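Residues 52 to 228, numbered by the numbering used here, are exactly what the sequence shown covers, in order.
Even for Gly, the Cβ is constructed at its ideal location relative to N, Cα and C.
No experiment lies behind these values; they were computed from the predicted model shown.
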Amino acid sequence: MASNHTEHFSLNQWQADDQVLRTDFNEDNAKIDSALKDLAAAQAEKADQTALDALAAEVAKKATTAALEALSKKLASMPCLVTGTYTGDGAESRLISLGFQPKALLVMTDEGYSARPYTDDYYGGLALPGKPVCLKTVYGTDYILTVESQGFRVYYNKSKYVFSNQKEFNYHYLAWK
Numbered sequence: 052m053a054s055n056h057t058e059h060f061s062l063n064q065w066q067a068d069d070q071v072l073r074t075d076f077n078e079d080n081a082k083i084d085s086a087l088k089d090l091a092a093a094q095a096e097k098a099d100q101t102a103l104d105a106l107a108a109e110v111a112k113k114a115t116t117a118a119l120e121a122l123s124k125k126l127a128s129m130p131c132l133v134t135g136t137y138t139g140d141g142a143e144s145r146l147i148s149l150g151f152q153p154k155a156l157l158v159m160t161d162e163g164y165s166a167r168p169y170t171d172d173y174y175g176g177l178a179l180p181g182k183p184v185c186l187k188t189v190y191g192t193d194y195i196l197t198v199e200s201q202g203f204r205v206y207y208n209k210s211k212y213v214f215s216n217q218k219e220f221n222y223h224y225l226a227w228k
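(1) For the putative contact between Q217 and Y224, defined by C-beta atoms under 8 Å, what is the C-beta separation to the nearest angstrom?
(2) May I ask you to report which of helix, strand or coil DSSP gives K218?
(3) With A178 and L156 assumed to form a contact (beta carbons below 8 Å), what rounded beta-carbon distance in angstroms separates them?
(4) Identify, in the order they occur along the chain, each residue of the same chain with its Cβ nearer than 8 Å to the Cβ of P183, setting aside the five sequence neighbours on each side.
(5) Who are the near neighbours of V71 in its chain, counting only those whose CB is closer than 7 Å to its CB and skipping five residues on each side?
(6) Suppose you measure from the CA of S148 to the CA of V133; what does that come to, to the nearest Å?
(7) Mind checking N80: buried by the 16 CB within 10 Å criterion, or exposed?
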C-alpha cells in the first residue's frame, strides 16, 4: 500500500519500503480514466461552443448582408433628385444626357422662371414621361421640353417663342430619378 499520494489527483506514490498492491493501480487507473473523461467532455463542450460561435457569426454576417441588400434595393427604388445646369447652344433641338429617364423634370432659367413674365416666351417647365411641356396651337404642337429615355430634350425656335435652348442662356434643372 502506498504511503504518499499526488497533490492533484491523489494518485498513489510508493516509498522504497511500501508494498505495491494491484488495487492501488486499479484505483489510480480509475481516477485517471475519470479525469480524462471529464477533460474530453470539457474539450468537446468547448469545441461545440467554438462551432456555435462560428455559426452565430456566420448567421449574423448573412443577416447583415441580407439587411444591406434589402436596404440597397429600397434605396434604388426611392426617388433620387439630380440637379444640374446647362447653357443653351441655340440648336433647334438638343439632348441633355443624364444616363436615365427622369420620372419628373423641372427646368428654369437663371432668374427662376420657366416663362418670361408678360410675354409668350417659354424657357422650361415641368415635364413628365409622355407629358412634355409644349404649346398646342391650331398649327400644331411646339415642344419646349420633353423627357427621353436617357435624359431630356430642349428646343429653340424664336419665331414660336420656344427658348429652352437659347444660345448662351443658363438653365437649371431638377430631375427625379
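For this structure:
(1) Between Y224 and Q217 the Cβ distance is about 15 Å, and since that is not below 8 Å, they are no contact.
(2) coil
(3) 5 Å
(4) Y194, I195, L196, T197 and V198
(5) W65
(6) 12 Å
(7) exposed
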